[in-house]
Amino acid sequence: MQAVFLAAGRSTRTYPLTVRTPKALYEVAGHSIIELNLRAVEGLVDEAVIVVGFMGEKIIRRLGSSYRGIRLRYVEQKEQKGTAHALLCAADKMAGEALVLMGDDLYRDENFEELFEHPNAVLAQRVTDPGRFGVFTVEGDRVTGVHEKPAKFVSDLANTGCFKVNADFLRLLNDLEPSERGEIEMTGAAARLAAEGDLRWVESNGGWYAIGYPWHLLEASTRLIQDRPLQRFNVKARLLGDVHRCVTVNILEDSWIGRGCILTDRVMISRNCYIHPGVQIMNRTAVGPNTQIAGGTQIGNCLIGANVQIGRRCLLTKCVIGDGATLGDAVTAFCDPPPDGKIYSNVKGERVEVDLAKFGAVIGPDAYVAPMTVLMPGAKIAAGARTEVGEVVHGDKGDIWPEGE
Numbered sequence: 026m027q028a029v030f031l032a033a034g035r036s037t038r039t040y041p042l043t044v045r046t047p048k049a050l051y052e053v054a055g056h057s058i059i060e061l062n063l064r065a066v067e068g069l070v071d072e073a074v075i076v077v078g079f080m081g082e083k084i085i086r087r088l089g090s091s092y093r094g095i096r097l098r099y100v101e102q103k104e105q106k107g108t109a110h111a112l113l114c115a116a117d118k119m120a121g122e123a124l125v126l127m128g129d130d131l132y133r134d135e136n137f138e139e140l141f142e143h144p145n146a147v148l149a150q151r152v153t154d155p156g157r158f159g160v161f162t163v164e165g166d167r168v169t170g171v172h173e174k175p176a177k178f179v180s181d182l183a184n185t186g187c188f189k190v191n192a193d194f195l196r197l198l199n200d201l202e203p204s205e206r207g208e209i210e211m212t213g214a215a216a217r218l219a220a221e222g223d224l225r226w227v228e229s230n231g232g233w234y235a236i237g238y239p240w241h242l243l244e245a246s247t248r249l250i251q252d253r254p255l256q257r258f259n260v261k262a263r264l265l266g267d268v269h270r271c272v273t274v275n276i277l278e279d280s281w282i283g284r285g286c287i288l289t290d291r292v293m294i295s296r297n298c299y300i301h302p303g304v305q306i307m308n309r310t311a312v313g314p315n316t317q318i319a320g321g322t323q324i325g326n327c328l329i330g331a332n333v334q335i336g337r338r339c340l341l342t343k344c345v346i347g348d349g350a351t352l353g354d355a356v357t358a359f360c361d362p363p364p365d366g367k368i369y370s371n372v373k374g375e376r377v378e379v380d381l382a383k384f385g386a387v388i389g390p391d392a393y394v395a396p397m398t399v400l401m402p403g404a405k406i407a408a409g410a411r412t413e414v415g416e417v418v419h420g421d422k423g424d425i426w427p428e429g430e
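Under this note's numbering, read the sequence shown as residues 26 to 430, first letter to last.
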C-alpha cells in the first residue's frame, strides 16, 4: 500500500512562521509535521509519494529517499491549483489504491486500517466548531453529502483531508471544475462518489490536528507533549548546580542547565541548548536545538524554534517563536484575553478569532524583539522585523505577508 502526502502549498495563514520553510517541516514537540505523519503510517505502507512545491527542496533534503523503512518518492506541483491537482501530479507514481493525507496537518494514532476495508473512503472527525471545516453528512457507513464550511449546522463530522482512494477516484479528478477559490479540490470527487452512494466514512479517534493558523502549531505541540510518554530527566544533560525538575522533563544530550533552574510539567528541551541560572520553564513547553535562555526568564507553554536567543528576565506565556529569533532583556508577552474574552489576530486583512482561551504572541524567524518590548495577546512580529526598545505591540509588526502573497 502507498501513502500520498500533499505538501506543496505555501501555507500563508501560518505566516510569519512558515514564510521561510514549508509548514510540513515546522517542528512541533521535537519533530517536523511530515515526519510525525510518516511515523503515523509506519507499518501500514511501504512507500510514500510526497507532493512538494513551495521550498520543496528543503523537504527532499530533510527526508531523503527513505524514512524509518518507508521508501520515499517525490513529485513537484509547479503551480498550486488545489488538492485534486496535487493528487493528479502524483498519479503516475501511484500503483493503484493509496492513502492520501494532507502533509501539513497532523495525524496521530488514527484508524487507517479501517479505511483500507473500502474502495473509497474518508476519515471524519467530530468537532465542536464545524463551521471552520468542510463536513460530511452520512447515513450508516455511507457519505451522503459534502459541505464546505456551512453557515448553518448540517453535521459535526469534519473532513480531515485523509482519503483512501482507488483508480475510480482518480478518474473523477480529471473532470472537476475549479471551486469558488479557483482551485480543483478533492472534495469535488468525494461529492460525486457520495451522490452515487460509493463513498464510505470511518470515524477518527481524535488524532487529527488541523493546523490552519500559528496558534494551532502551539496547540499541536502541547497535545503531543501531553500525550507522549516522556523519559525521566536525561542524565546526558549537564547540570551546573542544583536544578529542580519533575520526572516528566525530557532534555536531550549536550544541553546545559544552570544552577537554580526550575523545569516542571512536561518540558522538552532539544540538543545543544544553554539554559542559564535561575530560568523557569514549565507547562508543556518545547525548546528547539541550539537555543539560549538567559537568567531570570520565565517561560510557560511556548513553542520555541531552533537557534533562538532569549534575554534576561523575560516573561513569555503561550507564544510561538520562530527559528533564529532574538529577544532582548525584559520582553513580556501577555496572553490573557481582554474583557470580552476574545483574542483576535490579523490574517491577510481578515480579523480572525483565536480559538484558544489564552494566547500570547507569534514571533517570526530572525525577528529582533528589543529589550522591554511588550507584546499584547495575538500580536505577530514579521520575519526579520525589529521592535523598538519599550515598544508596545498590538496586532502586526512589520510585513507579515510579503508583496504578492
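Glycine included, each C-beta is placed from N, C-alpha and C at the ideal position.
Quick caveat, the model's predicted, so the values are computed rather than measured.
Taking F384 as the centre and dropping the five residues before and after it, the same chain places the C-beta of W240, K343, C360, I368, P402, G403 closer than 7 Å to its C-beta, in chain order. Every alpha helix (DSSP H) of 4 residues or more that sits fully in the stretch 180-237 is shown, in chain order, as 192-198, 211-220.
A Cβ-Cβ separation of about 15 Å leaves M80 out of contact with P41 under the 8 Å criterion. Distances from the CA of S204 to each of E173, W226, I324, G231 were compared; the closest alpha carbon is that of E173.
Take the alpha-carbon of P155 and the one of T185: they are about 12 Å apart. The beta carbons of N332 and G321 sit no closer together than 7 Å. With fewer than 16 other CB atoms across the displayed protein chains lying within 10 angstroms of its CB, P427 is exposed.
Comparing alpha-carbon positions, the option among V160, L201, H419 lying closest to A176 turns out to be V160.
Counting the other CB atoms within 10 Å of its CB gives N275 a total of 16 or more, which places it among the buried residues.
DSSP places H172 inside the beta strand (DSSP E), whose first and last residues are 167-173. Three or more Cβ pairs closer than 8 Å define a contact, and the stretch 394-414 falls short of that threshold against the stretch 52-71. Ranked by Cα distance from H143, the options K189, A149, T162, A355 are led by K189. Shortest Cα-Cα distance from E52 to any of D424, A395, T351, I346 involves I346.
Nearest to L218 by alpha-carbon distance, out of S57, S370, N145, is N145.
The three-state secondary structure of K405, taken from DSSP, is strand.
By the criterion of at least three beta-carbon pairs nearer than 8 Å, the stretch 388-396 is not in contact with the stretch 370-377.
Secondary structure note for Q251: its alpha helix (DSSP H) is the uninterrupted segment 239-252.
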